[in-house]
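This report concerns only the one structure given below.
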Amino acid sequence: LFKKSTAQISDENPSEFTPASPTFSIWGLVYTWQLVFLVYSIVNIWRKTDDGFLYIHPYTLHAAIFILFIVNMFLNSFWLILWDRFKFGLSACVIYVMLTTIVGICVLDHIFLWQQRWDFIQLNISGDIWAMCFIALNGHAAYSAWLLVAASLNLTIWLKRKLLVNFEGWATTFSLILLSIGIIVYWILENFIFPSQMAYTWSPWLIWFLTFAGILSKHRRLLLQKSFNQIFVLTITCVCFGLFIIRVILFSIRYSREEIPTGLHPAGL
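This is the structure in structure tokens:
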């Protein structure tokens, strides 16, 4: 069904946004994380508490999450087929819809866990709060972060094919701007809008740092030649590092003041 890997197709359609080939192994990490999520969800079908089956109460793994997840997987398969056949325009549309579905899942993950967190405490299964944080919240957030990168790369390749040779660099610049906006919006949400609900959702930063490292390592010669886009990537990386440090500081302050969930109080105060 597939003639080439996603990394091979990216290499055959080079751009200054394309990361080094090993970076595409993030797909493996993302898919493994989703598999763990599915296993955890299936196991919960047979787990029981004093209030009955765990998949019924606390109702954190809502049916809407699985509906969106199934839609996402169908879109993912369709995108892979389009990507494999160099249909970059249509595949760009599909992957942005994919991104929308997984972001929707992330929103529902955080909402339902936050609403039901005290039920876990009352049922003496507070460990499941942390399991949900790692498996569901961070797993889906990592997928979202990587899809934002993949969508930006897909858009870059499509725009580059449409632009004149002298303007091909603008395809990368435009996609980098979109990626930067996405990262900044996420940072604002996690630190100032939903600091408690998103306190333990860290995985997007891992994905983005690996991505920028992959881009810079692949295009280090262009960076030495002072390519505008590679300087832009380096600048974004430095800004992201600064934002991440601020995130760590704010988390530490809020944790010490117990303004967010802690190890002793996993549901917060």
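Count along the sequence shown from 1, add 24, and you get the number used in the working numbering.
Note that the Cβ used here is the ideal one computed from N, Cα and C, for glycine as well.
Model, not experiment: these values are computed from the prediction.
Margin query: Closest to H86 by C-alpha separation, out of W70, S65, I159 and F198, would be which residue?
Written below: S65
Notebook entry, point to check: Can you pull the DSSP bridge partners for G76?
Noted result: For G76, the pairing in a beta bridge is given by DSSP as T73.
Check: Looking at the structure shown, is L288 part of a helix, part of a strand, or coil, going by DSSP?
Finding: coil
Note to self: What does the alpha-carbon distance come out to for the pair L147 and F90?
What the structure shows: 24 angstroms
Checklist line | Span of the alpha helix (DSSP H) around W244 | finding: Here residue 244 is Arg; the residue named in the question, Trp, does not match the sequence. Residues R244 to L248.
Next item on the list: Tell me, to the nearest whole angstrom, how far the beta carbon of L234 is from that of T47; I am working on the premise that it is less than 8 angstroms.
Entry: 6 angstroms
Next item on the list: On a CA-only basis, which of R245, A165 and C264 is nearest I299? Give me that one, please.
Entry: One cannot answer for residue 299 here, as it falls past the ends of the chain, which runs 25 to 293.
Next item on the list: Take W226 as the anchor and find which of A237, I217 and Y210 has the nearest alpha-carbon.
Entry: Y210
Check: What is the C-beta distance between P290 and I153, in whole angstroms, given that I count them as a contact (C-beta under 8 angstroms)?
Finding: P290 to I153, Cβ: 5 angstroms. Contact.
Next item on the list: Look up F110 in the DSSP assignment and say whether it is helix, strand or coil.
Entry: coil
Note to self: Can you check which of these residues, F252, L78 and W51, is closest to V67 by C-alpha distance?
What the structure shows: L78
Notebook entry, point to check: Does the count of Cβ pairs from the stretch 54 to 62 and the stretch 119 to 133 closer than 8 angstroms reach three?
Noted result: no
Notebook entry, point to check: Would DSSP call M122 helix, strand or coil?
Noted result: helix
Note to self: Let me confirm a value: F98 is counted as buried when at least 16 other C-beta atoms fall within 10 Å, else exposed. Which label applies?
What the structure shows: exposed
Item checked: Cβ-Cβ separation, L123 to S115 (assumed contact under 8 angstroms), whole Å -> That belief does not hold up - the Cβ atoms of S115 and L123 are roughly 12 angstroms apart, past 8 angstroms.
Margin query: Which of the three DSSP states is assigned to S39 in this structure?
Written below: coil
Check: Mind checking T259: buried by the 16 CB within 10 Å criterion, or exposed?
Finding: Exposed is the call here.
Note to self: Considering just the uninterrupted stretch of the alpha helix (DSSP H) at R278, what are its terminal residues?
What the structure shows: F252 to S280
Margin query: Taking only three categories from DSSP, how would you classify M97?
Written below: In the three-state reduction of the DSSP assignment, M97 falls in the helix class.
Checklist line | Within the stretch 166 to 250, ranges of the alpha helix (DSSP H) (whole runs, at least 4 residues) | finding: Entirely contained in the stretch 166 to 250, the alpha helix (DSSP H) runs reaching 4 residues are, in chain order, 193 to 212, 227 to 242 and 244 to 248.
Checklist line | Cβ distance (whole Å) where D108 is taken to contact K27 below 8 angstroms | finding: That belief holds up - the Cβ atoms of D108 and K27 are roughly 6 angstroms apart, short of 8 angstroms.
Item checked: Which of helix, strand or coil DSSP assigns to F48 -> helix
Next item on the list: Would you tell me roughly how many angstroms separate the C-alpha atoms of R281 and F216, rounded to the nearest one?
Entry: 16 angstroms
Checklist line | Span of the alpha helix (DSSP H) around A160 | finding: Element bounds for A160: n/a, residue is neither H nor E.
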